[in-house]
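**Student:** This is the structure I want to talk about, given as structure tokens.
There are 6 protein chains.
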Amino acid sequence: MIRKVRKNNQLREITIKKDFISHPEGSVLVAFGDTKVICNATVTEGVPPFLRDSGKGWVTAEYAMLPRATHTRNQRESKRGKPDGRSQEISRLIGRSLRAAVDFGKIGEYTVTVDCDVIQADGGTRTAAITGGYCAMHLAFQWMIKEGMIKENPITGAVSAVSVGIVMGEPMLDLEYEEDSMADVDMNLVVKNCADIVEIQGSAEKATFSRELLNKMLDLGFDGIKKLTEAQKKVTG
Amino acid sequence: MIRKVRKNNQLREITIKKDFISHPEGSVLVAFGDTKVICNATVTEGVPPFLRDSGKGWVTAEYAMLPRATHTRNQRESKRGKPDGRSQEISRLIGRSLRAAVDFGKIGEYTVTVDCDVIQADGGTRTAAITGGYCAMHLAFQWMIKEGMIKENPITGAVSAVSVGIVMGEPMLDLEYEEDSMADVDMNLVVKNCADIVEIQGSAEKATFSRELLNKMLDLGFDGIKKLTEAQKKVTG
Amino acid sequence: MIRKVRKNNQLREITIKKDFISHPEGSVLVAFGDTKVICNATVTEGVPPFLRDSGKGWVTAEYAMLPRATHTRNQRESKRGKPDGRSQEISRLIGRSLRAAVDFGKIGEYTVTVDCDVIQADGGTRTAAITGGYCAMHLAFQWMIKEGMIKENPITGAVSAVSVGIVMGEPMLDLEYEEDSMADVDMNLVVKNCADIVEIQGSAEKATFSRELLNKMLDLGFDGIKKLTEAQKKVTG
Amino acid sequence: MIRKVRKNNQLREITIKKDFISHPEGSVLVAFGDTKVICNATVTEGVPPFLRDSGKGWVTAEYAMLPRATHTRNQRESKRGKPDGRSQEISRLIGRSLRAAVDFGKIGEYTVTVDCDVIQADGGTRTAAITGGYCAMHLAFQWMIKEGMIKENPITGAVSAVSVGIVMGEPMLDLEYEEDSMADVDMNLVVKNCADIVEIQGSAEKATFSRELLNKMLDLGFDGIKKLTEAQKKVTG
Amino acid sequence: MIRKVRKNNQLREITIKKDFISHPEGSVLVAFGDTKVICNATVTEGVPPFLRDSGKGWVTAEYAMLPRATHTRNQRESKRGKPDGRSQEISRLIGRSLRAAVDFGKIGEYTVTVDCDVIQADGGTRTAAITGGYCAMHLAFQWMIKEGMIKENPITGAVSAVSVGIVMGEPMLDLEYEEDSMADVDMNLVVKNCADIVEIQGSAEKATFSRELLNKMLDLGFDGIKKLTEAQKKVTG
Amino acid sequence: MIRKVRKNNQLREITIKKDFISHPEGSVLVAFGDTKVICNATVTEGVPPFLRDSGKGWVTAEYAMLPRATHTRNQRESKRGKPDGRSQEISRLIGRSLRAAVDFGKIGEYTVTVDCDVIQADGGTRTAAITGGYCAMHLAFQWMIKEGMIKENPITGAVSAVSVGIVMGEPMLDLEYEEDSMADVDMNLVVKNCADIVEIQGSAEKATFSRELLNKMLDLGFDGIKKLTEAQKKVTG
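This is the structure we're talking about:
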């Protein structure tokens, strides 16, 4: 048994703090244990070129880490000259995940940009970002209703995300950094309405995995998603 | 029935042409139907900093498209100033996939760089690149043996990749560009030894998918992988 | 009288929260009213080239804003391709200010990098960053002593910073964003030991200012510095 | 006598394969011996700012190499952050050369972009690119006629290019890589209608050359141009 | 006594050569002793976005150094990929300083760009650039009047700049490079109409300074400003 | 007859002013009529990687223009983010030309960097830069002898450059900007010792040219080179 405090099918302590930053239209601080991410949603008029004059809106996301969110300091992306491949990949994943929750025909030509800035990292930053980013986006839609910009909430279902891994042969939910470092397989699962898969990304750097093991990981993941969806509801109402 | 010529569980015509370019240590031209990718493997002394003095080698990959590989022309990445997020993401996927096939303790501190340049794109460029890139890498290891740089082939199993999608409700193997554009769900599957999952990436922009549908897509994918592995064997011996 | 709640010679509410982020060697969250800055100090071995083999250490700083720290969203610097001139200028100012507080002969060839990331901006972000950055740096030196890396604290005096402006003819301490927008003159004052000027930067975009007015602003500034130094002491001991 | 198989005034085997890539409006694979270049011509509406509302069209070119087109691997330009000086210089040369063949008053405000991507390099990549690029451009104009976009072919004469060098004192036509490395003088000649000079670029890094030698090189070059023009005609009709 | 030829309150020899470059609307070569800066003012139609349709104009400045303006060669900014922080900071200072001299309501929607290129540096390059840049801008306004673009000169007062430092305890005007290297405190003073402060930037890397010393430096600086204003008048009339 | 003052075979007034900038090891201001270029040669220890431990030295060049060297202002290269293709091409040409004048076995592992910065442009900036750059380099070698770094001057012959064009059918020497704009053909000729061709670059954007015309242009060019070599001797001794 590797884990001492939590069970293998147990999430870390999940907190989602509403209105963390005052300026954004939607803002939360989400924590998955010691992983902490500021999620800010910004509403702007207009949409990307491919949607102009479609009457439809758009959601996009950007993910980044503060230099010292990690054990050792990372160079700032703005200093490196070129954006970091890992950050871009996660930004795209968050964007796709959040878009799965929205009926774009209901928001007109507005864009919601969800910034997910990791201030402290301990594994699972992308799943925390999706889970918190969903809340920030939801709050931004509530603000749009209040401002009279849209009539009804365009959310079609709650989207959240969790990681599952295989550590020393055991399937394990919501990996911390140290567990993640030891994991043979790492899978991220994005689910809508506790039932429908939005995205599944399973990757094996150290060992491959069978379909049987894949199914065990999916069982664990769906369990975690239920708890996350409850935590989201407390914030979004 | 959307497909007219192929069946839903049928691959396109697969060809892997050996020694396509003369300079690289390993080189193939892989075609999945009209998708054509030049895969060149380069052997260089030395490894990235995190492996120095470990006695172990490394495999890395770079994926790119010629500007007119697609229906309309794309701006060159070198002109854009910044590398394209999609290309970087695929490069990382190819690298992880190929590394799953290698016992790095057997190649000493050498790096094999596998360049996958798409010259004609018709869907499935990343799966073709992994399938062909594996062959180019294998040929490069054969060259290393011939040159006396290593004693035995470090390959631990054949790695290939295929896409599966849901198009108008039907699960479908190895999507062409036009099918891919209509797909609700798009999944890429990387498998080793026809049995073990190396990477699974399923993504739903237009519709979510159930676990049942996931299983059907996996069935189709594993069927395709078998055929691809046979095609690879003709090249690698 | 423009200000309603505060007096012209009064600071906003100042809080400095210790150990805000867990990984850095020194970390605080500093707030000047609604302006909030995470200040993280990182200790690394080695110094810049011009100091190598001098036996002396170095302190450097980097300042940045989260995209939605402000009323409207700013594009990320990493997306712009080139670093922002304003951010670089402030980073250099913070670095110079903090170095004025340190006897580098006492820390050996270590570098302390102080990251100041503004999560919420309401005027005075650079002065908050210097005041909080000093605390983060101080805590990092305490950590170095505890770890046995240095013998005594190299701090030679407390350094803090405050802004003073002329708004509608009246000198005013510690400007909020709205006041800053109306100001004819904006001055930032960095002071050591409540008495000695480290840096003075006064700038008049809308109106010039006489030496008499400069002196009035200095009087206000020195008053504010005293209060800030007291707030720092509670954190640094 | 350095050359064993070819004579000094003999070209390598020249092949120009039509319709090599399926998407572009014009496409060839040109080979000068082991030098192989994919030339793709793309037709787009609109012209650069300096030609807007002139009623005239434009031709531009971009030249690049695959990383492993050469004996050792070159870093990708997109990774270097800045475009390579040599590639830019050759791109400009190809553009100027191709424009010399076109009556822009006859194509309206269309731009033809000719991408020349070297997949295998063995000397003379720029001359192969011009010679093949001319064919790709010609095919694109034929496509425009077929599509009813223009009425007559705007080509005013065939443009091709060849290199001539001085190797160990002997003038030599169409240098391979190894010959080029030994050459004292390297000259590239672009000629229209087998008679008129479009561009002459002669450069002596190791030894200077007299006007007499220049004339001998020109004689050789014009001989080669005749053969290249014949090869082009088989493709363009 | 450190200075041998000049007194502590004495400027270096100041020369401002009119019409140094022929193309710009205003051009001078300014010399503060061995520091030489080419200042060219360019008039263009249009203003930055935040001023469009305001009826008001704008002044902006760019500062740079030739690579060998200094004792040792600096890498070109265009080669570094990213602009240099110090150059950007000085460009912003020059822009703010020159704008303080102009009534923008009088020039319509024109932008004057003042390029200050240091060809030889010996301390005080930013103060020379402001002093000379003012003249170039003034000449450009005279040209606009002559061309009938504006009716009256929009200048509201002469702006010039000078440095003052503390070297070995002594306040000293207009520091040369060698003096600057030894200085404990370095202050730049930008003044309008010999009386009103536009910008004050005092910085102490090696030692802090008291308010008393600040006042002594201001006395010296204002003396120097008078002489500079006289030199400017000879050029601007 | 287009030219009124000069004859078609006449150079503009050529002046080469020695020691224009004080810091460089060699410095001249070269003027070809109204074209003015500052040429500064910098000597540094060490050579590029491909020459290390060869005992041989290197010469390299960088060419750039001040933003307002031209009739209208050009954006600074450092602002564009990427270096300008034309500047890079000319930098490479100058480097090759100057290297043709040097016996690298005689200077040990030193690099001479020749910066050619155009402060005023009126056609022929690259030929002026080569002609002046040769002088700056020669002066730097004289400085190296004086400093005891090398024993004898490594110059093997004087290198200069001139442009020749075809304007309205007439061959014409040393084109001014206005003539250059009207030219059908533009050729740059770099010659060593008044007799040997180092580089020939002839380009026809508007009209092609026959071998006969090429010979006439060469006659004119060699005449001009003689005069330039005389002007160089007055500076280099």
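Chains as they are written, first to last, in this note's numbering: chain A, 1 to 237; chain B, 238 to 474; chain C, 475 to 711; chain D, 712 to 948; chain E, 949 to 1185; chain F, 1186 to 1422.
Heads up, the beta-carbon is just placed ideally off N, CA and C, and yes, glycines get one too.
Going by alpha carbons, who is nearest to Thr1316 of chain F out of F:Asp1404, F:Ser1239, F:Phe1217?
**Tutor:** Your numbering for residue 1316 of chain F matches position 131 in the sixth sequence. Thr1316 of chain F has its Cα closest to that of F:Phe1217, out of F:Asp1404, F:Ser1239, F:Phe1217.
**Student:** Taking the Cβ atom as the reference point for each residue, do Thr838 of chain D and Ala872 of chain D lie within a distance shorter than 8 Å?
**Tutor:** Here residue 838 of chain D corresponds to residue number 127 of the fourth sequence, with the count starting at 1. Here residue 872 of chain D corresponds to residue number 161 of the fourth sequence, with the count starting at 1. Cβ atoms of Thr838 of chain D and Ala872 of chain D: closer than 8 Å.
**Student:** Taking all protein chains shown into account, decide if Phe615 of chain C is buried (16 or more other Cβ within 10 angstroms of its Cβ) or exposed.
**Tutor:** Position 141 of the third sequence, counting from 1, holds the residue named residue 615 of chain C. So Phe615 of chain C counts as buried.
**Student:** Which of the three DSSP states, helix, strand or coil, is assigned to Gly238 of chain A?
**Tutor:** The question about residue 238 of chain A has no answer here: the residues shown for chain A are numbered 1 through 237.
**Student:** Using the Cα positions of Arg1034 of chain E and Glu563 of chain C, report the straight-line distance between them to the nearest angstrom.
**Tutor:** The residue you call residue 1034 of chain E lines up with position 86 of the fifth sequence. The residue you call residue 563 of chain C lines up with position 89 of the third sequence. If you take the alpha carbons of Arg1034 of chain E and Glu563 of chain C, they lie about 8 Å apart.
**Student:** Please state whether DSSP places Asn785 of chain D in a helix, a strand or coil.
**Tutor:** In the fourth sequence, counting from the first residue as 1, residue 785 of chain D sits at position 74. Coil at Asn785 of chain D, not helix or strand.
**Student:** Counting only beta-carbon separations shorter than 8 Å, does Arg797 of chain D have a partner in chain B?
**Tutor:** By 1-based counting over the fourth sequence, the position of residue 797 of chain D is 86. No, Arg797 of chain D lies away from the interface with chain B (no Cβ there is under 8 Å from its Cβ).
**Student:** What are the residues that DSSP puts in a beta bridge with Pro645 of chain C?
**Tutor:** By 1-based counting over the third sequence, the position of residue 645 of chain C is 171. For Pro645 of chain C, which the question treats as bridged, DSSP gives the partners C:Ile640.
**Student:** Looking at the structure shown, is Ala149 of chain A part of a helix, part of a strand, or coil, going by DSSP?
**Tutor:** One-based indexing of the first sequence puts residue 149 of chain A at position 149. It is worth fixing the name first, because residue 149 of chain A is Met in this sequence and not Ala. DSSP places Met149 of chain A in coil when its eight states are reduced to three.
**Student:** Return helix, strand or coil for Asn1400 of chain F, following the three-state DSSP convention.
**Tutor:** The residue you call residue 1400 of chain F lines up with position 215 of the sixth sequence. DSSP places Asn1400 of chain F in helix when its eight states are reduced to three.
**Student:** How would you list, in chain order, the residues of chain F whose beta-carbon sits under 7 Å from the beta-carbon of Ser914 of chain D?
**Tutor:** Walking along the fourth sequence from the start, residue 914 of chain D turns up at place 203. Ordered by position in chain F, the residues that pass the 7 Å Cβ test against Ser914 of chain D are Arg1281, Glu1384.
**Student:** Could you work out which residues of chain F lie near Asp1063 of chain E, taking near to mean beta carbons separated by less than 9 Å?
**Tutor:** For the purposes of this step, residue 1063 of chain E is identified with residue 115 of the fifth sequence, where counting begins at 1. Here the neighbours are Leu1251, Pro1252, Arg1253, Arg1258, Arg1261.
**Student:** Got a sec: is the Cβ-Cβ distance from Glu493 of chain C to anything in chain A below 8 Å?
**Tutor:** For the purposes of this step, residue 493 of chain C is taken as residue 19 along the third sequence, with counting starting at 1. A small correction: the amino acid at residue 493 of chain C is Asp; Glu does not occupy that position in the sequence shown. No, its Cβ sits nowhere closer than 8 Å to a Cβ of chain A.
**Student:** Closest Cβ-Cβ distance between Leu426 of chain B and chain A: below 8 Å?
**Tutor:** Here residue 426 of chain B is taken as the residue at index 189 of the second sequence, counted from 1. Answer no: the Cβ-Cβ gap between Leu426 of chain B and chain A never drops below 8 Å.
**Student:** Does the stretch 344-352 of chain B come close enough to the stretch 286-305 of chain B that 3 or more CB-CB pairs lie under 8 Å?
**Tutor:** These segments touch.
**Student:** Which residues does DSSP pair with Ala979 of chain E in a beta bridge?
**Tutor:** In the fifth sequence, counting from the first residue as 1, residue 979 of chain E sits at position 31. DSSP lists E:Thr963, E:Lys984 as partners of Ala979 of chain E.
**Student:** Let me see if you follow: with CB-CB separation under 8 Å, is Ser1504 of chain F close to chain D or not?
**Tutor:** Residue 1504 of chain F is absent from the structure shown; chain F starts at 1186 and stops at 1422.
**Student:** Can you give the Cα-Cα distance for Met691 of chain C and Thr509 of chain C, rounded to whole angstroms?
**Tutor:** Within the third sequence, residue 691 of chain C is the residue found at index 217, counting from 1. Within the third sequence, residue 509 of chain C is the residue found at index 35, counting from 1. Those two C-alpha atoms are separated by around 22 Å.
**Student:** Whether or not the stretch 953-966 of chain E and the stretch 1115-1122 of chain E are in contact is what I'm after, with contact meaning three or more pairs of Cβ atoms, one per stretch, closer than 8 Å; do they touch?
**Tutor:** Counting Cβ pairs under 8 Å, three or more are found: they touch.
**Student:** Using three-state DSSP, classify Glu1415 of chain F as helix, strand or coil.
**Tutor:** Position 230 of the sixth sequence, counting from 1, holds the residue named residue 1415 of chain F. Here Glu1415 of chain F sits in helix by DSSP.
**Student:** In chain B, what lies closer than 9 Å to His849 of chain D by C-beta?
**Tutor:** Sequence index remark: in the fourth sequence, residue 849 of chain D carries index 138 (1-based). Residues of chain B passing the Cβ test: none, with the nearest at roughly 16 Å.
**Student:** Quick check: is the beta carbon of Ser655 of chain C nearer than 8 Å to any beta carbon in chain A?
**Tutor:** Taking the third sequence and counting its residues from 1, one reaches residue 655 of chain C at position 181. No, no contact with chain A.
**Student:** Met65 of chain A to Asp117 of chain A, Cα distance in whole Å?
**Tutor:** The residue you call residue 65 of chain A lines up with position 65 of the first sequence. The residue you call residue 117 of chain A lines up with position 117 of the first sequence. Spanning the two alpha carbons is a distance of roughly 6 Å.
**Student:** So, does the CB of Glu212 of chain A fall closer than 8 Å to a CB anywhere in chain B?
**Tutor:** In the first sequence, the residue the question calls residue 212 of chain A occupies position 212. Chain B, which has no Cβ nearer than 8 Å to the Cβ of Glu212 of chain A, makes this no.
**Student:** Relative to chain C, which residues along the stretch 1110-1129 of chain E have a C-beta separation below 9 Å, given in chain order?
**Tutor:** Here the close residues number zero.
**Student:** Is the Cβ-Cβ distance between Asn514 of chain C and Asp589 of chain C less than 8 Å?
**Tutor:** On the third sequence, residue 514 of chain C is found 40 positions in, with the first residue counted as 1. On the third sequence, residue 589 of chain C is found 115 positions in, with the first residue counted as 1. The answer is yes: Cβ separation under 8 Å.
**Student:** Rounded to the nearest angstrom, what separates Val511 of chain C and Arg12 of chain A at their Cα positions?
**Tutor:** Taking the first residue of the third sequence as position 1, residue 511 of chain C is located at position 37. Taking the first residue of the first sequence as position 1, residue 12 of chain A is located at position 12. The alpha-carbon atoms of Val511 of chain C and Arg12 of chain A are separated by roughly 27 Å.
**Student:** Going by DSSP, what residues sit across from Ala1058 of chain E in a beta bridge?
**Tutor:** Taking the fifth sequence and counting its residues from 1, the one referred to as residue 1058 of chain E is at position 110. Sequence check: residue 1058 of chain E is Tyr here, not Ala. In DSSP, Tyr1058 of chain E forms a bridge with E:Glu993.
**Student:** Cβ closer than 8 Å: which chain A residues qualify as neighbours of Lys221 of chain B?
**Tutor:** This structure does not reach residue 221 of chain B, given that chain B is present from 238 up to 474, and the question cannot be answered.
**Student:** For Lys680 of chain C, collect the residues of the same chain with a Cβ closer than 7 Å to its Cβ; drop the 5 residues on either side in sequence, then sort them by chain order.
**Tutor:** Here residue 680 of chain C corresponds to residue number 206 of the third sequence, with the count starting at 1. Excluding residues within five positions, the ones whose Cβ falls inside 7 Å are Asp658.
**Student:** Taking any Cβ of chain B, which residues in the stretch 719-753 of chain D have a Cβ under 7 Å from it, in chain order?
**Tutor:** The stretch 719-753 of chain D vs chain B, Cβ under 7 Å: Ile732, Ser733, His734, Pro735, Asp745, Ile749, Asn751, Thr753.
**Student:** Mapping the DSSP letters down to three states, classify Phe731 of chain D as helix, strand or coil.
**Tutor:** Here residue 731 of chain D refers to the residue found at position 20 of the fourth sequence. Coil at Phe731 of chain D, not helix or strand.
**Student:** Hey, is the stretch 444-453 of chain B in contact with the stretch 426-435 of chain B, meaning 3+ C-beta pairs nearer than 8 Å?
**Tutor:** They do not touch, by the three-pair rule.
**Student:** Between Glu773 of chain D and Val754 of chain D, how many whole angstroms is the CB-CB distance? I'm expecting something under 8 Å.
**Tutor:** Here the question's residue 773 of chain D lines up with position 62 in the fourth sequence. Here the question's residue 754 of chain D lines up with position 43 in the fourth sequence. Going by Cβ atoms, the distance from Glu773 of chain D to Val754 of chain D rounds to 15 Å, so no, they are not a contact pair.
**Student:** Excluding five sequence neighbours on each side, which residues of the same chain lie with their C-beta closer than 7 Å to the C-beta of Ala1254 of chain F?
**Tutor:** As a first step, residue 1254 of chain F must be located in the sixth sequence, where it is residue number 69. Only Val1303, Ile1304, Gln1305, Ala1306 meet the Cβ criterion.
**Student:** Can you grab the Cα-Cα spacing for the pair Phe815 of chain D / Val870 of chain D, in whole Å?
**Tutor:** Position 104 of the fourth sequence, counting from 1, holds the residue named residue 815 of chain D. Position 159 of the fourth sequence, counting from 1, holds the residue named residue 870 of chain D. If I take the Cα positions, the gap works out to 15 Å.
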